[in-house]
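Engineer: Quick one: the structure is below, and I'll ask about it shortly.
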Amino acid sequence: MQSRSLVPQTPGLKLPIANLRSVFRPNDVERKLAKLPARDHENLRATYERMLERGPERFQVKPSGIPEMESLYEQLPNFADALDDVKRHVALSQDASDGIEITPMLLLGPPGIGKTHFARQLADLLGTGMSLVPMSSMTAGWLLSGASSQWKGAKPGKVFEAIVDGQYANPVIVVDEIDKASADAQYDPLGSLYSLLEHDTAESFMDEFAEIAIDASQVIWIMTANDERCIPEPIMNRMNVFQIESPTHEQARCIARNLYLSIRGDHGWGRRFDEEPADDVLDCLAELAPREMRRALMTGFGNARLAHRGSIVADDLPRCGNGKGRMGFIQ
């Protein structure tokens with residue numbers, strides 16, 4: 001692999017180190033393109049031409065040092081074990097030309113506790129991109145590996161799109177709700193994971209649409225699930241499993257406070273509001289799942305603004321008191 005140091009501009013990361021890594025062989029693409037009939041397979045032809053135009057090299061990035069992660073531990077206190085694992089892998093990649101090799105992670109826990117948010121924060125921390133693959137979709141069987149070009153409306157899968165159409169050789173790919181993938185007699189929607197989760201076989205991953213070997217060995221895999229009993233044992237054995245508990249009341253208050261500060265700081269109108277939320281507002285928010293907190297806070301900010309106040313009170317929030325915020329949520 002030819003590489004040289006680069007510094008791509010990535011939000012949230014000060015000085016990522018980047019090499020260029022080839023993710024496919026252009027000669028393979030040229031041979032496939034030359035064999036296509038002149039007037040058939042227009043989508044496949046366009047895919048090959050796009051691959052050749054963009055070239056095979058993608059950024060392979062990692063932090064230039066062990067990053068400060070205190071803010072993540074504060075934002076995601078119930079993900080401490082998973083964050084510890086990430087920190088270990090980042091430490092191993094320092095002072096060496098190696099990329100980050102993170103063992104695939106399975107985050108087990110109830111809905112709405114922040115599993116997908118964790119993945120987005122991890123992608124920001126590492127300086128790479130993120131792609132979400134919702135396995136509860138009716139078309140989940142084709143999402144990862146693509147559909148054969150012989151089928152009408154076929155296209156490449158999410159792995160191909162994340163690497164070949166994306167900027168990075170090592171994106172974070174989140175397989176969301178892997179336990180809800182439904183297999184049928186003709187196709188196992190999780191079948192491609194058997195090779196993708198093994199470093200050696202992932203180096204020559206074959207998308208069923210493009211039929212070109214893609215280097216997916218650097219992908220950082222995060223799976224989320226509510227129930228591990230629906231996940232095949234061979235796939236479970238390829239991952240580090242982290243049981244994510246619902247946050248305690250104090251952890252939930254901390255998450256709510258950080259979310260308040262984040263929303264306030266990210267919007268120009270935030271300066272109209274108090275720098276810190278009231279204790280009773282935090283207590284109310286702590287009763288919600290982390291997924292619901294942002295919606296509740298946005299409702300609260302809006303209701304407070306309508307009342308010409310710079311402070312959110314508990315009645316401004318859904319499910320608290322008898323305020324107008326109650327109208328915003330389905331129970």
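Residues in the sequence shown are numbered consecutively from 1, following UniProt numbering. Think of the CB as a built atom: it goes at the ideal place given N, C-alpha and C, for glycine as much as any other residue.
Look at the alpha carbon of residue 264 and the alpha carbon of residue 195, and state the distance between them as a whole number of angstroms.
Structural biologist: As a first step, residue 264 is located in the sequence shown; it is residue number 264 there, counting from the start. As a first step, residue 195 is located in the sequence shown; it is residue number 195 there, counting from the start. Rounded to whole angstroms, residue 264 to residue 195 spans 44 angstroms at the Cα level.
Engineer: Compute the distance between the beta-carbons of residue 173 and residue 24, then report whether it is under 8 angstroms.
Structural biologist: Here residue 173 corresponds to residue number 173 of the sequence shown, with the count starting at 1. Here residue 24 corresponds to residue number 24 of the sequence shown, with the count starting at 1. No, the Cβ-Cβ distance between residue 173 and residue 24 is not below 8 angstroms.
Engineer: So, is residue 145 buried or exposed, given that buried needs 16 or more other C-beta atoms within 10 angstroms?
Structural biologist: As a position in the sequence shown, residue 145 is number 145, starting the count at 1. That one is buried.
Engineer: Out of 164, 64 and 209, which has the shortest C-alpha to C-alpha gap to residue 218?
Structural biologist: Taking the sequence shown and counting its residues from 1, one reaches residue 218 at position 218. In this structure, 164 is the residue among 164, 64 and 209 with its C-alpha nearest to the C-alpha of residue 218.
Engineer: Determine whether the beta carbon atoms of residue 313 and residue 256 lie at a separation below 8 angstroms.
Structural biologist: Here residue 313 refers to the residue found at position 313 when the sequence shown is read from its first residue. Here residue 256 refers to the residue found at position 256 when the sequence shown is read from its first residue. No, they are not a contact pair.
Engineer: So the beta strand (DSSP E) residue 242 belongs to, where does it begin and stop?
Structural biologist: Within the sequence shown, the letter at position 242 stands for residue 242. Per DSSP, residue 242 belongs to the beta strand (DSSP E) from 240-243.
Engineer: Taking the alpha carbon of residue 181 as the point to measure from, which residue in 167, 100, 224 and 211 has its own alpha carbon closest?
Structural biologist: Working through the sequence shown from its first residue, we reach residue 181 at position 181. The residue with the shortest Cα to Cα distance from residue 181 is 224.
Engineer: Any idea if residue 227 is buried or exposed, counting beta-carbon neighbours within 10 angstroms, 16 or more meaning buried?
Structural biologist: As a first step, residue 227 must be located in the sequence shown, where it is residue number 227. When all chains shown are included, residue 227 counts as exposed.
Engineer: Grouping DSSP H, G and I as helix and E and B as strand, with all else coil, what is residue 132?
Structural biologist: For the purposes of this step, residue 132 is identified with residue 132 of the sequence shown, where counting begins at 1. Residue 132: strand per DSSP, three-state reduction.
Engineer: Tell me whether the beta-carbon of residue 209 lies closer than 8 angstroms to the beta-carbon of residue 154.
Structural biologist: Within the sequence shown, the letter at position 209 stands for residue 209. Within the sequence shown, the letter at position 154 stands for residue 154. In contact: residue 209 and residue 154 (Cβ atoms closer than 8 angstroms).
Engineer: Ignore the nearest five residues each way along the sequence and tell me which others in residue 167's own chain have a CB closer than 7 angstroms to its CB.
Structural biologist: Your numbering for residue 167 matches position 167 in the sequence shown. If we look at residue 167 and ignore the five residues flanking it on each side, its Cβ neighbours are 58, 59 and 129.
Engineer: Could you spell out the range, first to last residue, of the beta strand (DSSP E) harbouring residue 63?
Structural biologist: As a first step, residue 63 is located in the sequence shown; it is residue number 63 there, counting from the start. In the DSSP assignment, residue 63 falls within the unbroken beta strand (DSSP E) covering 57-63.
Engineer: Which residues in the same chain as residue 230 place their Cβ atom closer than 6 angstroms to its Cβ, once the five residues preceding and following it in sequence are excluded?
Structural biologist: Residue 230 sits at position 230 when you count from the first residue of the sequence shown. Only 179 meet the Cβ criterion.
Engineer: Which runs of the beta strand (DSSP E) spanning at least 3 residues fall entirely within the stretch 133-180, listed in chain order?
Structural biologist: 172-176
Engineer: Does the beta-carbon distance from residue 177 to residue 236 come in below 8 angstroms?
Structural biologist: Position 177 of the sequence shown holds residue 177. Position 236 of the sequence shown holds residue 236. The answer is no: Cβ separation not under 8 angstroms.
Engineer: DSSP three-state label for residue 103, please.
Structural biologist: Numbered from 1 along the sequence shown, position 103 holds the residue referred to as residue 103. Looking at residue 103 - three-state DSSP - the assignment turns out to be coil, as it is neither helix nor strand.
Engineer: Do residue 159 and residue 207 have their C-beta atoms closer together than 8 angstroms?
Structural biologist: Start at 1 with the first residue of the sequence shown, and residue 159 comes out as number 159. Start at 1 with the first residue of the sequence shown, and residue 207 comes out as number 207. Yes, the Cβ-Cβ distance between residue 159 and residue 207 is below 8 angstroms.
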